[in-house]
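Here's the structure, in structure tokens; my notes come after.
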Amino acid sequence: MNAPLSKAQMAFLRGKAHSLGPLLSLGKQGLNPGFVETLGREIAKHELLKVRVGKHVDVDAQELAASVQATLVQQVGRMVVLYRPAAEPVLELPPQ
1 MNAPLSKAQM AFLRGKAHSL GPLLSLGKQG LNPGFVETLG REIAKHELLK VRVGKHVDVD
61 AQELAASVQA TLVQQVGRMV VLYRPAAEPV LELPPQ
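Written out as structure tokens, the structure reads:
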């Protein structure tokens with residue numbers, strides 16, 4: 001991420017993510033190169049996405065976000081919301 005997001009922008013993204021279902025599930029293999037590649041591809045397409053982390057997977061949400069240069073928007077239980085603006089942004093964030 002280039003600039004940190006404001007509280008208003010984070011709230012906007014949390015609201016947008018509320019209706020999303022998890023696009024990916026992180027399983028027992030953990031944060032392996034294949035998963036990181038898939039996550040990078042999907043976040044480039046969608047900008048904002050949810051990832052479900054398996055029960056027995058020990059992965060830090062910040063580490064997951066950093067693996068694809070994304071911003072951690074929210075973590076609720078085993079659900080993680082990530083945001084990374086696309087080259088041509090789809091979501092128009094409120095001003096900082």
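Per the numbering used here, the very first residue in the sequence shown carries number 1; after that it's consecutive.
Don't be surprised by glycine CBs; every beta carbon is placed ideally from N, CA and C.
The alpha-carbon separation between P22 and L82 amounts to approximately 11 Å. Annotated three-state conformation of Q96 is coil, per DSSP.
For R41, there is no enclosing beta strand (DSSP E); the residue is part of the alpha helix (DSSP H) that begins and ends at P33 to H46. If you ignore the 5 residues before and after L26, its C-beta comes within less than 8 Å of the C-beta of F35, V51, R52, V53, G54, V57, V59 and L64, all in its own chain and listed in chain order.
In this structure, V68 sits near I43, with a CB-CB distance shorter than 8 Å.
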